[in-house]
Each structure stands twice: as structure tokens, then as C-alpha cells.
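Take a look at the structure set out below.
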Amino acid sequence: MANKKSIYILAIESSCDDTSVAVLLNDKVLSNIVANQDIHSQYGGGVAELVSKANQQNIVPVVHQALTIAGIDKKDLNAIAFTKGPGLLGSLLVGTSFAKSMALALDVPLISVNHMQAHILAHFIESDSQDKPTFPFLCLTISGGHTQIVRITDYFSMEIIGETIDDAVGEAFDKSAKILGLSYPGGPLIDKYAQLGNPTVFEFTHPKTKHKLDFSFSGLKTSILYFIQKKMKENPHFIKENLPDICASIQHTIVAILMNKLVLASKQTGLKQIAIAGGVSANSGIRGAMAEAEKKHGWKTFIPKFEYTTDNAAMIGIVGYYKYLDKIFEDISVTAKARMKLN
Ligand code: KG4
Ligand code: ZN
């Protein structure tokens, strides 16, 4: 590894709806700007073409703002890091093209980052208030596109030991919210109402999977849909009258499914350092369950700060920093990849 000097990295994340740019000094975040889009909430998600257009409109002002808040000039940058994949191709291309042009113009190295590795390595961002995991550890990566239990043995050595065979857990939250007439993304709204409700009022089944550490959420979504349809036939005001209890019960079920698998993974691997990462790790239910598990199972848990749970460029920057130290640079001919394995 190179000796520790002051390394400034500008990182770009544009894998999905949001455009985010961060500036890091070594492992410390100087700025982390996220330009959210309301396109998804207007259209209910999945309008890839509109999303990538908004990324294109946002990228220049967001880069400018990230540099301004960090208080540095672009000439001070040592490298440009960007999300190569996985994600929506149109959106990824915006960040990829911009990063390539910027690296070329500044004559600095270009660093490509795997979005799912970045969610996990966000735990290594410098923080006064939080410890960092040591290798090896387990991470439950829960987002809108992925649900994985990963065994991490080094910064770039990760093995998926369990994953969803159908929907991601974020989708389970968002699709349940849609059934309830809530706007997109529904995960945070289910969380909000769940905190006002009783989690044991309604019961939903835990889907079974052939491989014990895998997840399945499509059956759960269907059972919630049938349950709501039946109840609404009996009483058209059912959702309105019971929203907090419905949300609390859905969240309780999802969290129980996640935690059961995580406990099993910890037993199977013998690992007791357990992290969570990704957008769904913002959920109050999973955070509470992790705190309980820490006491019950003697775990040391790692919960990311809120700003590093949902998609953000700081997590791309921290991967950029470790790749910079190892001189893992990318050729200027690199292209974005919608599908990408973890390693
Ligand atoms: O990691 P992320 O920002 O994007 C992807 O890489 O997919 O995750 C987005 C997902 C969405 O499904 C959103 O509903 C969910 O994270 N989410 C939550 C919460 N905050 C975000 N789900 C449940 N509770 C939350 N508080
Ligand atoms: Zn993500």
C-alpha cells in the first residue's frame, strides 16, 4: 500500500434515481451531495428514461456543489471514482461518461466501483462515533435491487452465502406500500406508519426456500395483496382504519425473515461481527432487531449512519480510496454494466 498522504477523491454515483457526488480526503467525507428525483414518486417507479435524463441534468451542478462544499479545487483531485454497476444502464452511463471525461481532463486515475461492494464498504468511512468492522465479518445487504448475506474477508474479497431467489426486500416494502396506496418509494412510509402500530395484529407467512440462507419475498407480497383485497371487500375503509397496524405487521414479518436468516448465517459461519447495509438498513425495525440480537447472541453489530444507507457517493468514494491505495485503476475504455457480480 502507498504511504498515507492526503488523497482527494471525487466520487460519482448514478446507478438509479439519484445523482450523488462526494469528495473524500482519504477515508474522511468532506462533502456528500444527493440530488433526489421526484420522477419515481410521480410515476410510481421504473421510468428509466426519465431517470437517466434527470441524472444528466443534475450531474454538472452536483459535481460543482460537492467541490464547493468540500472547499477544494478540481485541480487538487487525485482520482475520480464512479459506479460502474449494477444499476439502470441509462443512469450508469451518465456517471461513467462524466467520470471518464473528468479523469481525462485532469489527467488523474479513473477508479470503477461496484455499487454493492460500496454499500458494504461504507462501514469503513471515517467516523468519530462508530467502530469499523474487522475481517472477517458478515453483512446483510438490503436494498431496492438486492438482498444478500455476504461474508467479507478483505476489502475486495466477498462471498455471497445467501440471496433472494426473487424480489429484493426493498421491493417487498415498496410493493406492499403500493398495495396500500402509499407513494414510491414506500419503504420509508411503511416504516413511519409501523412506528405508530401494533406489529402482532396481522400475521403473514414466512416463505420457504430450498437453500436455508436464501430469501424469497414474492410469495409474501402476494399473500399481502390477497389479504388486503379480502379485507377491503368486507370493509372498504379497512386500509384507512388500520394503516399503522398493517404497516407494523408487514414490517415485523419482513424483519423477522431477515433476522432468522442472519442468525442462521452467524451460526453456520461462526462469525459474530454482523453488519447491515443498503437502503433498507435505514429501517427502524431492522435497526431495533440488530440491537436486540447484539445482546441476545453476543454479536458486535455495525449499523451505517442514515446518510450512508440509501444510495450515496460517499460509499463510492471510500471504495475509491482503498482502490487508490492498491493502485487498482480503470482503463479509459471502461463501460458501465447493468448487471455485475459482487466480486
Ligand atoms: O440502497 P438503495 O437506496 O437503492 C438501491 O441500491 O436499490 O435502496 C432503496 C430501497 C427502496 O426500496 C426503499 O423503499 C428502501 O430502500 N428503504 C426503506 C427505508 N428507507 C429506504 N425500506 C424500509 N424502511 C426504510 N426506512
Ligand atoms: Zn444501492
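All letters in the sequence shown, in the order written, are residues 2 to 344 by the working numbering. C-beta atoms are modelled at their ideal positions from N, C-alpha and C, and glycine is treated no differently. Please read these numbers as outputs of a predicted model, since none were measured by experiment.
Residue i Cβ short of 6 Å to ligand 4 heavy atom set
| i | result |
| --- | --- |
| Pro87 | This structure does not include ligand 4; its bound ligands are ligand 1 and ligand 2. |
Sheet register partners of residue i (DSSP bridge)
| i | result |
| --- | --- |
| Asp155 | Ser158 |
| Gln274 | Lys301 |
| Asn349 | Any property of residue 349 remains undetermined from this structure, which presents the chain solely from 2 to 344. |
| Phe216 | Thr165 |
| Ile112 | Ala82 |
| Cys140 | Val151, Ala276 |
| Glu14 | Ser21 |
| Glu331 | Leu111 |
| Tyr9 | Leu26 |
Of the residues the options, the one placed nearest residue i, counting alpha carbons only
| i | options | result |
| --- | --- | --- |
| His212 | Lys133, Ile150, Arg288 | Ile150 |
| Ala278 | Ala23, Ala123, Gly72, Asn33 | Ala123 |
| Gly171 | Leu141, Ile153, Tyr156 | Leu141 |
| Leu214 | Lys262, Lys176, Tyr9 | Lys262 |
| Gly88 | Asp108, Thr206, Val52 | Val52 |
| Glu127 | Leu31, Lys75, Met117, Leu94 | Leu31 |
| Lys76 | Thr84, Ala55, Pro110, Phe174 | Pro110 |
| Thr135 | Ala276, Asp327, Ser92 | Ala276 |
| Asn79 | Lys342, Leu326, Ile333 | Leu326 |
| Gln131 | Phe307, Ser144, Gly286 | Phe307 |
| Tyr288 | His298, Pro305, Val95 | The identity of residue 288 in the sequence shown is Arg, whereas the question assumes Tyr. Ranking the options by Cα distance to Arg288, first place goes to Pro305. |
| Ser16 | Lys324, Tyr322, Asp312 | Asp312 |
| Gly146 | Phe205, Phe157, Gly86 | Gly86 |
| Ile143 | Glu235, Ile329, Ile121, Asp108 | Ile121 |
| His65 | Lys133, Thr20, Val256 | Thr20 |
| Gln269 | Thr310, Phe138, Glu235, His238 | Phe138 |
| Ile247 | Ser177, Lys133, Thr148, Pro208 | Ser177 |
| Gly280 | Lys231, Tyr309, Asp155 | Tyr309 |
| Gly286 | Val264, Lys297, Leu259 | Leu259 |
| Asn243 | Val256, Ala257, Ile255, Phe228 | Phe228 |
| Lys296 | Ile8, Met316, Gly318, Val264 | Val264 |
| Ala257 | Phe239, Met103, Lys234, Glu293 | Glu293 |
| Lys133 | Gly96, Lys301, Ala290 | Lys301 |
| Glu50 | Leu90, His298, Ile255, Asp129 | Leu90 |
| Lys6 | Lys241, Phe99, Lys29 | Lys29 |
| Asp155 | Met103, Val320, Thr148, Asp74 | Val320 |
| Val22 | Asp129, Thr84, Phe157 | Thr84 |
| Thr254 | Phe216, Ala55, Asp74 | Phe216 |
Expected contact under 8 Å - CB spacing of residue i and residue j to nearest Å
| i | j | result |
| --- | --- | --- |
| Pro200 | Gln274 | Between Gln274 and Pro200 the Cβ distance is about 28 Å, and since that is not below 8 Å, they are no contact. |
| Leu197 | Pro245 | 4 Å |
| Ile180 | Leu226 | 5 Å |
| Ala82 | Ile112 | 4 Å |
| Ile10 | Ala314 | Between Ala314 and Ile10 the Cβ distance is about 10 Å, and since that is not below 8 Å, they are no contact. |
| Gly187 | Asp175 | 5 Å |
| Met159 | Asn344 | 6 Å |
| Ala195 | Ala119 | Their Cβ separation, rounded to whole angstroms, is 28 Å, which puts Ala195 and Ala119 out of contact at 8 Å. |
| Phe125 | Ala173 | Contact flag wrong, Cβ pair sits at about 28 Å. |
| Leu107 | Ala337 | That belief does not hold up - the Cβ atoms of Leu107 and Ala337 are roughly 20 Å apart, past 8 Å. |
| Gly318 | Leu25 | 4 Å |
Buried or exposed by the 16-neighbour rule on C-beta atoms within 10 Å, applied to residue i
| i | result |
| --- | --- |
| Thr165 | buried |
| Leu105 | exposed |
| Val202 | exposed |
| Gly72 | exposed |
| Asn115 | buried |
| Met341 | buried |
| Ile153 | buried |
| Ser267 | buried |
| Lys101 | buried |
| Met117 | buried |
| Ser282 | buried |
| Asn236 | exposed |
| Asp192 | buried |
| Ile333 | exposed |
| Gly271 | exposed |
| Ile206 | Checking the displayed sequence, the identity of residue 206 turns out to be Thr instead of Ile. By the neighbour-count rule (16 or more Cβ atoms within 10 Å), Thr206 is not buried but exposed. |
| Asp18 | buried |
| Thr223 | exposed |
| Glu204 | exposed |
| Thr69 | exposed |
| Tyr182 | Inspection of the sequence shows that residue 182 is occupied by Gly rather than by Tyr. Burial call: exposed. |
| Met316 | buried |
| Lys231 | exposed |
Notebook entry, point to check: Is it a yes or a no for the region 31–38 touching the region 49–63, going by three-plus beta-carbon pairs under 8 Å?
Noted result: Verdict: yes, contact present.
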